[in-house]
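Since the structure comes first, as structure tokens, the remarks are kept for the end.
Number of protein chains: 2
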Amino acid sequence: MAEIQPERVLSDLRTLATFGAYKSGVHRPTLSAQDIAAREWFAGRLAEADLGAAIDGIGNILGKSAAPGRKVLAGSHLESQNYAGWLDGALGCVYALEAARAIAADPATRQVGVDVAVFCDEEGHFGSFLGSRSFIGSLEERELDGALNRVTGMTMREALKVAGWSDRARLRIDPERYTGFFEAHIEQGDTLESLGLKIGIVTAIVAIWQYRLTVEGEQNHAGTTAMSRRRDAGLELVRLLGAIDARFPEICGPRTVWTTGRIELDPGEKSIIPGKAEALFQLRDSDPAVLDRLDRELNSLLERANANGVCRLGLERISASTPAVMDEPLLAALDRAAEARAPGKHIRMPSGAGHDAQWLARTLPTAMMFVPSIGGVSHHWTENTSDADLVLGAQVFTDAIVDVLMA
Amino acid sequence: MAEIQPERVLSDLRTLATFGAYKSGVHRPTLSAQDIAAREWFAGRLAEADLGAAIDGIGNILGKSAAPGRKVLAGSHLESQNYAGWLDGALGCVYALEAARAIAADPATRQVGVDVAVFCDEEGHFGSFLGSRSFIGSLEERELDGALNRVTGMTMREALKVAGWSDRARLRIDPERYTGFFEAHIEQGDTLESLGLKIGIVTAIVAIWQYRLTVEGEQNHAGTTAMSRRRDAGLELVRLLGAIDARFPEICGPRTVWTTGRIELDPGEKSIIPGKAEALFQLRDSDPAVLDRLDRELNSLLERANANGVCRLGLERISASTPAVMDEPLLAALDRAAEARAPGKHIRMPSGAGHDAQWLARTLPTAMMFVPSIGGVSHHWTENTSDADLVLGAQVFTDAIVDVLMA
């Protein structure tokens, strides 16, 4: 079996953490100077591993194996959320690189190979999964033209020009080349840690249905308008959210989550009855039937609220992704690899967060694997995983790929 | 009886509406160029009426009658809310001026007199009732030092310097001089209009108890955090506001109002469970017992929410005024005046909004009178009152003052 080199895995991860180091984490937004440097360094590591490495016109990196036999694609992303953790996407990139190196170094496996992909902007500083969508051919030039950094306001085109990559073509996947795609990631939650487990095998990446709830009432003086004549948009919104809170637990799935992330009242003054109110409301589940059921319920709660005639409520579904179901043969390979290296310490679970793998799953059999995150922390500079878990995860990841390639 | 001059009342109101004219209303923030000009003009009108007029060190104007006999104080404010109505406080200033002129012109009443007061910043561009509080001796230099314009950030001291009034003393009331204080205002609601009435006689100005509700939970990923482990600050706030909505109608008074004017979730992102939430919540009633009862209930709802242990809820009472009860003999004078000029078309009612009169009531017997506002609109440039109602109100206001002065 291709054996990974634990020190090389940890050393590469620690080197990556120096690009944009922030406390014990990193601040490495997409196409920032530190992100560009991290990409250049990683491309160099791919080249050292005899993986012909190219950075393309959207900042994606593809390192290609010269092995003659079957190949898988593996990888993740290098940029971070602002002031976030050192592992997140970097872990999946280093695991992919290590799998490629270990498989190439073992005479028993060197006829097969791993291509390593680093997708740009999974974290959405400029848009939504721009890198992986570009790679599978689901990103039009027009959307890229309009991509702006949410913080700096710089266009992605301009940022790519600064990096020196703007004149390059955007690489497209050759699906015929691969048996499948593997991505590793820290778990963004504490399921593994709280159960004392080491490996999470992702069955599906949940769909996210994002809504905007709007309420139109009548702005009025908070002192002189009797309760009976008010058309308080804020209060109607609170009542609707209360109705969701009462009803959804009765009809949701076992792992459904729903979240009101933002509420805004207009004008938002202490002595003015809000004339308008708005909320961002989100549903996540891996079962389309559950999502449909909750969507219908949401619409009927809204209808009921509108029927009383006090305010006019609106519901806009801003986006509705489909769940990305992982490939059963690849999952079985991960099961076997995990059982061999960590008997009884693995579990199948959905991913509540989005990943590049959900886009790759549209063109390749795809699987994802999680390692434990201490305290379940993610997207924060305190995010961490023990060295032992990092090393174990790299070996299980490599074993599963070998399993698939040598099958 | 002292008869007002309808054309003079309407002409003065229309002239005032030219200072900061905005559509059919005015934009005349406290100590803006247009507000300073309006004050200078009004002081000039007081002087023309033989009322020795002075603008003091906080922008208050006092016009003093030279009549030898009893006197009342009457007035209101000249500045407006942003892009607001032409009548609001200007109405009360012109009614006071007209009462002074009509009483001085009538041989039967010229031995008594009306002092006219214009209080600065009732609308709170710089603080809370700074002018009327200064006049009754309830404003310390330190608070004035700290008064900043909410929009421009300019200090009130600096704005007074621009006006040329910063070196003047602040005038203080001589309570011995007056039988009472009268203020007129448009009704900021549609009680009069909807009942076909012409005059509202204010029994009390409600107290406002202002609260800040805070919830501390735990910020987390909206995809990877199961519903059962969430400590969602926004959801706990929605539940508390729902509990208030369910309980308060059972225990409030007949005219109590309560309002959540602002809700903020932190960080306010669609995919992040809010770690903190905050709301501005306000109670108004003219009965201290009702306010106490609702305050106790609010605290006990909060205790109950804290007892479930999901989040930590806090309740801060930012301010708590006392209801200002109007003076019965002055109210009776208004009743008689209204009944004589508009038989059966007047009503006693509380004021749900705050006015300078609530501060004057601490030192003088005080009364307030409302005229109808078309559609109940206030604090908006479409605010309006028919000419006939404006004229009728001026006469009733003057008659009531004569009644009190000649009693």
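Protein chains in written order, with our numbering: chain A, 65 to 471; chain B, 65 to 471.
All C-beta atoms in this analysis are idealised placements derived from N, C-alpha and C, irrespective of residue type, glycine included.
Keep in mind it's a predicted model, so treat the numbers as computed, not measured.
Assigned secondary structure, residue i (DSSP; H/G/I helix, E/B strand, else coil)
i	result
A97 (chain A)	helix
D170 (chain B)	coil
S335 (chain A)	coil
A369 (chain B)	helix
Q459 (chain A)	helix
M65 (chain B)	coil
A384 (chain A)	strand
D453 (chain B)	helix
E361 (chain B)	helix
V441 (chain B)	coil
V354 (chain A)	helix
V73 (chain B)	helix
V468 (chain B)	helix
Beta-carbon proximity of residue i to residue j, cut-off 8 Å
i	j	result
D467 (chain B)	R400 (chain B)	yes
A181 (chain A)	L137 (chain A)	yes
L142 (chain A)	L77 (chain A)	no
A113 (chain A)	R72 (chain A)	no
F199 (chain B)	R241 (chain B)	no
L110 (chain B)	A117 (chain B)	yes
G378 (chain B)	T278 (chain B)	yes
Q422 (chain B)	I269 (chain B)	yes
E187 (chain B)	T94 (chain B)	yes
E447 (chain A)	V441 (chain A)	yes
M470 (chain A)	I265 (chain A)	no
D309 (chain A)	L329 (chain B)	no
I250 (chain B)	D152 (chain B)	yes
G84 (chain B)	S96 (chain B)	yes
D463 (chain B)	P436 (chain B)	no
P171 (chain A)	A271 (chain A)	no
G149 (chain B)	G89 (chain B)	yes
F461 (chain B)	F245 (chain B)	no
G481 (chain B)	S129 (chain B)	No information on residue 481 (chain B) is available, as it lies outside the stretch 65 to 471 that chain B covers here.
A233 (chain B)	D120 (chain B)	yes
I337 (chain A)	N370 (chain A)	no
G325 (chain B)	S335 (chain A)	yes
T430 (chain A)	D391 (chain A)	yes
F190 (chain A)	N124 (chain A)	no
R303 (chain B)	G201 (chain A)	no
G287 (chain A)	V321 (chain B)	yes
Beta-ladder partner(s) of residue i, from DSSP
i	result
Y86 (chain B)	B:G89
R348 (chain B)	B:I272, B:V321
A341 (chain A)	A:V279, A:L329
L377 (chain A)	A:V279
Residue i Cβ short of 7 Å to the ligand NAP heavy atom set
i	result
N370 (chain B)	As presented, the structure is devoid of all ligands, the ligand NAP included, so that no description of it is given.
Unbroken stretches of the beta strand (DSSP E), 3 residues or longer, contained in the region 250-327 of chain A:
Runs found: 263-269, 271-280.
What ranges does the beta strand (DSSP E) occupy inside the region 173-254 of chain B, keeping only unbroken runs of at least 3 residues that lie completely in it?
The beta strand (DSSP E) runs lying completely inside the region 173-254 of chain B and spanning 3 residues or more are 177-183, 245-250, given in chain order.
Interface positions of the region 327-343 of chain A facing chain B (Cβ-Cβ less than 7 Å), listed along the chain:
So the close ones are I327, L329, G332, E333, K334, S335, I336, I337, P338.
Mind checking the region 298-310 of chain B against chain A and listing, in chain order, the residues whose C-beta falls within less than 8 Å of any C-beta there?
Listed in chain order, the positions of the region 298-310 of chain B with a beta carbon within less than 8 Å of a beta carbon of chain A are G298, L299, V302, R303, L305, G306, D309.
At 4 residues or longer, what runs of the alpha helix (DSSP H) sit wholly inside the region 390-431 of chain A?
Complete alpha helix (DSSP H) runs here, min 4: 392-405, 421-424.
Could I get the ranges of all uninterrupted beta strand (DSSP E) runs contained in the region 96-137 of chain B, with 3 residues as the minimum, in chain order?
List check, beta strand (DSSP E) in window: 116-119, 125-128.
Can you give me, in chain order, the residues of the region 438-457 of chain B that have a beta carbon less than 7 Å from any beta carbon in chain D?
Of the protein chains in the structure, A and B, none is chain D.
Secondary structure, alpha helix (DSSP H): runs of 4+ residues fully inside the region 139-164 of chain A
The qualifying runs do not exist here; there are none.
Got a sec: which bits of the region 222-255 of chain B sit with their beta carbon under 9 Å from any beta carbon on chain A, in order along the chain?
Residues E251, Q252, G253, D254, T255.
Which residues of the region 343-362 of chain A have a Cβ closer than 8 Å to any Cβ of chain B? Give them in chain order.
So the list reads L344, Q346, R348, given in the order they occur along the chain.
Contact residues within the region 137-152 of chain A, judged by C-beta distance below 9 Å to chain B
So nothing in the stretch comes that close.
Interfacial residues, the region 402-416 of chain B to chain A, with Cβ spacing under 9 Å
Taken in chain order, the members of the region 402-416 of chain B whose beta-carbon sits within less than 9 Å of a beta-carbon on chain A are S415, G416.
In chain order, what residues of the region 272-288 of chain B put their CB closer than 8 Å to some CB of chain A?
When C-beta distances to chain A are compared with 8 Å, the residues of the region 272-288 of chain B below that value are I272, Q274, H285, A286, G287, T288, in chain order.
For the region 80-95 of chain B, which residues have a beta carbon sitting closer than 9 Å to at least one beta carbon of chain A?
None of the residues of the region 80-95 of chain B has a beta carbon lying less than 9 Å from any beta carbon of chain A.
Which residues, taken in chain order from the region 119-139 of chain A, show a beta carbon closer than 9 Å to some beta carbon of chain B?
Shown here is that no member of the region 119-139 of chain A has a Cβ falling below 9 Å from a Cβ of chain B.
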